[in-house]
Structures are given as structure tokens and as C-alpha cells.
Amino acid sequence: MPSPVVRPREVVIAEEQEYLFHSRTEDLQTPQWSDAACRDASPDVFFPLSPHDLTSRREALSWCAVCPIVDPCREVALRDPSIVGIWGGTDELERSRLRGRRLPRSA
293 MPSPVVRPRE
303 VVIAEEQEYL
313 FHSRTEDLQT
323 PQWSDAACRD
333 ASPDVFFPLS
343 PHDLTSRREA
353 LSWCAVCPIV
363 DPCREVALRD
373 PSIVGIWGGT
383 DELERSRLRG
393 RRLPRSA
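When the letters of the sequence shown are read in order and numbered with my numbering, they come out as residues 293 to 399.
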């Protein structure tokens with residue numbers, strides 16, 4: 293019997309005020325993401341409601357510090373400026389700075 297066709301659908305990962313991230317189910321089922329240290333952590337930690345919430349930030353960064361896929365996670369967030377929250381040990385401001393370093397300066 294053939295396997296049923298699985299169509300991509302959006303899944304809301306976290307939703308807090310303006311923080312909203314959508315991903316396709318097949319993106320979340322890749323072996324790489326299943327290895328993430330944060331896979332069982334509360335998403336709220338990675339999407340603090342205030343930049344002054346240092347407790348959540350420290351907790352999120354502690355997950356990233358031991359994560360085997362921290363580099364690919366950071367790359368995903370660097371490629372998409374619309375991604376918010378802490379990804380790959382970086383927040384939006386840090387990723388913006390990193391993107392600026394990658395872009396060639398125009399004369």
C-alpha cells in the first residue's frame with residue numbers, strides 16, 4: 293500500500309504579541325532539527341516579550357551553548373531577517389550586525 297501524500301502545512305511554533313514564527317511541518321521533521329537541544333524546551337524562553345527579560349535570554353542561550361546544531365540554526369535565522377527571537381545563540385540585533393558584516397559595502 294503506498295504511503296499517503298503529505299502536503300506541507302504551516303504550524304504555529306510560538307505566538308506572543310508580535311512574535312510569530314511559522315514553519316512547514318517537513319522542516320521540523322528533518323533529522324537535524326530533531327537533534328536540537330531546545331526541542332523539548334518551552335518556546336516562550338526563545339521569544340521573550342521584552343529585550344529586558346534577561347532571565348529568559350540567559351536560559352535560551354544556555355540551551356544554545358550545548359546544542360549540536362547551533363551553527364545551522366543561526367544560519368537559518370541569518371538568511372531570513374523576518375525571524376524573531378533567539379536562534380543559534382543570537383537575537384535579532386546580533387543577527388542584524390552579523391548580516392551587515394557579510395554584505396559587501398557599496399562605494
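Here a beta-carbon is modelled for each residue, glycine too, at the ideal position from N, C-alpha and C. None of these values were measured; they are calculated from a predicted model.
Query, Result
"Classification of Arg391 by the beta-carbon crowding that lies within 10 angstroms, buried from 16 upward", "exposed"
"Paired residues, beta bridge with Trp379 - DSSP", "Thr382"
"DSSP-derived helix/strand/coil call for Phe339", "coil"
"Stretch pair the segment 349 to 369 + the segment 378 to 386: three plus CB contacts closer than 8 Å", "yes"
"Contact test: Val368 Cβ vs the ligand ZN heavy atom, cutoff 8 Å", "As for the ligand ZN, it is missing from this structure, which has no ligand bound."
"Alpha carbon of Val358 to alpha carbon of Ala328, nearest angstrom", "9 Å"
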